[in-house]
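Heads up: take any position in the sequence shown, counting from 1, add 21, and you land on the numbering used here. Glycine residues also receive a C-beta, built at the ideal position from the N, C-alpha and C atoms. What you are looking at is a predicted structure, and each value in this text was computed from that prediction instead of being measured. Shown next, in C-alpha cells, is the structure this report addresses.
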Amino acid sequence: MEDLSPREAIRWQREHRSQLIFRPLSGSVTLVGGADLSYEIGSDLAYAGIVVLDFPALEISAWSVVAVKMSFPYIPGLLSFREIPPLLTAWQQLPLRPQLVMLDGHGYAHPRRMGVACHFGLVADIPTIGCAKRILCGRHEPLDQKKGRFQPIIHEEEVVGYALRTKDGVKPVYVSPGHLIEAGQSRELALACGSGYRLPETTRQAHLLVNAARRGEVEPGVWLRSD
C-alpha cells in the first residue's frame, strides 16, 4: 500500500468506498480504543500508538506504540496511506483488543468518503470513528455553545458527519463514522468518551502517548494493566 502512486491511491479510495458498512454496533461497549501519530520534525520517523480504555470509566487498560520510518509522502486527502501502515503495526502488537477504535482524523467526512478511520476500519475489520480537530470538506450551521450540541456536516448534498461541541464554549470536533458503525452512534460515543477536554479521552490519551514516545519519555512497546 505504501508503494502506490498518488493516482493509484486515489483509485484505491474510490474502488473501496463501496465496501464501507454503516450499521449499529452489536452488544454493549466495554472497551474503546484511540489512535494517533506523532512525527519527528525534520525526519521520516513517526510514532504510532493505540490506547485501550475501559468504557464508560475511561481508564487505560492497555497500549501499544511503535516507531516507524514513513515512506508515503504527505498529500492532503491521502493521509491514510501515510498513517495506516504504522497504525496497523501498533494494532497487531496490541495486547488487548477494543470493540472499536476512534482515530485522530476523518472518517466518511472526506472528499472521497475514505478518511483514515474508514481506511483503518476496512483493513483491520473493526468498527471505527473519525474525530478530527478541523473540517476537511463540507459545511455546517453554527452550533450553540453548550456541550452536546451538534450540527450535520453537509458535503455534496449528503450528511457526512457532525460538528460536535464536546465542552461548553470550546471549538467543536468533527465526527464521522469510519466503518461498521452508524453516524449517529459515532457522535454519541465521541461525546460519551469525553472527560472535560475538547478531545474525547480516546484520542486525547493516544495523543499523549505518541508524543511521550517521541520525546523519549516512553519506550516503544506494549503495556497491559495487571489488576
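Rounded C-alpha distance that separates Phe76 from Thr110: Straight-line Cα distance between these residues: approximately 24 Å.
Nearest candidate by alpha-carbon position, reference Leu185, set Ile105, Pro221 and Glu29: Minimum Cα-Cα distance from Leu185 among the listed residues Ile105, Pro221 and Glu29 corresponds to Pro221.
Assigned exposure category for Tyr18 - 16 Cβ within 10 Å defines buried: Not covered by the structure: residue 18. The range shown for the chain is 22 to 248.
Inter-residue Cα distance where the pair is Met135 and Ile81: Cα-Cα distance, rounded: 29 Å.
Rounded separation between Gly98 and Ala130 - CA only: Across the structure, Gly98 and Ala130 are spaced so that their CA atoms are roughly 11 Å apart.
In DSSP terms, what Ala184 is bridged to: Residue pairing from DSSP places Ala184 in a beta bridge opposite Gln172 and Tyr195.
Length of the line joining the Cα atoms of Leu108 and Ala56: Their backbone Cα atoms lie some 8 Å apart in a straight line.
Start-to-end residues for the alpha helix (DSSP H) that takes in Ile31: Segment Pro27 to His37, the alpha helix (DSSP H) holding Ile31.
is_contact[Ile31, chain D] using C-beta, thresh 8 Å: Given the protein chain composition of this structure (a single chain), no chain D is represented.
Straight-line gap, Leu100 to Pro27 (C-alpha atoms, nearest Å): Taking the straight line from one Cα to the other gives about 11 Å.
Member of Leu41, Ala88 and Val72 whose CA lies at the smallest distance from the CA of Ser64: Minimum Cα distance to Ser64 is reached at Ala88.
Cβ-based burial, Ile104 [other Cβ within 10 Å; buried from 16]: Inspection of the sequence shows that residue 104 is occupied by Glu rather than by Ile. By the neighbour-count rule (16 or more Cβ atoms within 10 Å), Glu104 is buried.
Residues that Thr149 bridges to, as DSSP identifies them: Answer is Val122 and His200.
Residue closest to Arg235, alpha-carbon to alpha-carbon, out of Leu52, Arg35, Trp33 and Ala69: Out of Leu52, Arg35, Trp33 and Ala69, Ala69 has the C-alpha closest to the C-alpha of Arg235.
Cβ-based neighbour list, His140, same chain, cut-off 6 Å, excluding 5 preceding and 5 following: For His140, where only same-chain residues beyond five positions count, the Cβ hits under 6 Å are Ser101 and Ile105.
Proximity of Arg219 and Lys188 at Cβ, strictly below 8 Å: In contact: Arg219 and Lys188 (Cβ atoms closer than 8 Å).
Pro119 vs Leu52 beta-carbon contact at 8 Å: Contact: yes.
Whole beta strand (DSSP E) elements within the stretch 60 to 123, 3-residue minimum: Look at the stretch 60 to 123 and you find these whole runs of beta strand (DSSP E), each 3 residues long or longer: 66 to 75 and 81 to 90.
Alpha carbon of Gln226 to alpha carbon of Lys192, nearest angstrom: Across the structure, Gln226 and Lys192 are spaced so that their CA atoms are roughly 19 Å apart.
Short Cβ contact (8 Å threshold) for Cys158 with His176: Cβ atoms of Cys158 and His176: closer than 8 Å.
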